[in-house]
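Just below is one structure, and these are the notes that go with it.
Residue numbers (UniProt numbering): 1 to 122.
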């Protein structure tokens with residue numbers, strides 16, 4: 001009986017109560033699928049914005065090409081710096097999963113706000 005308990009536990013991993021994690025009960029495909037879906041949606045939104053933002057700013061917002069390109073590079077730089085900030089916060093103060101949930105929630109709220117604003121303008 002004791003051998004079976006040791007086999008079903010992950011050595012070096014703990015749950016949120018700091019007890020040994022059980023293989024069939026913690027982590028697995030449910031947590032991995034949530035992470036995968038969020039990453040796919042994030043990359044989809046980022047690449048769509050980055051590839052069409054210069055044209056949008058130039059044609060519809062009537063900015064000069066240099067101002068449009070500068071705004072897009074500022075957007076991309078801010079996105080990359082926020083990733084570094086999230087990495088620092090997850091290493092120094094919070095767990096990686098907490099920072100992931102916070103950033104995913106903020107991203108979802110801003111995407112909802114953007115969709116509502118776009119719907120009002122149309």
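Ideal Cβ placement from N, Cα and C applies to all residues, glycine included. Model, not experiment: these values are computed from the prediction.
Whole angstroms is fine: what's the gap from residue i's alpha carbon to residue j's?
i, j, result
"residue 33", "residue 90", "21 Å"
"residue 43", "residue 104", "12 Å"
"residue 38", "residue 70", "28 Å"
Can you give the beta carbon distance from residue i to residue j, rounded, assuming they're within the 8 Å contact cut?
i, j, result
"residue 111", "residue 45", "7 Å"
"residue 86", "residue 99", "5 Å"
"residue 8", "residue 23", "5 Å"
Which same chain residues, not among the five before or five after residue i, have their C-beta less than 8 Å away from its C-beta?
i, result
"residue 126", "No information on residue 126 is available, as it lies outside the stretch 1 to 122 that the chain covers here."
"residue 65", "54, 58"
Go through its chain and collect everything with a Cβ distance to residue i's Cβ below 7 Å, but skip five positions before and after it.
i, result
"residue 13", "21"
Within 10 angstroms of its Cβ, does residue i collect 16 or more other Cβ (buried), or is it exposed?
i, result
"residue 51", "exposed"
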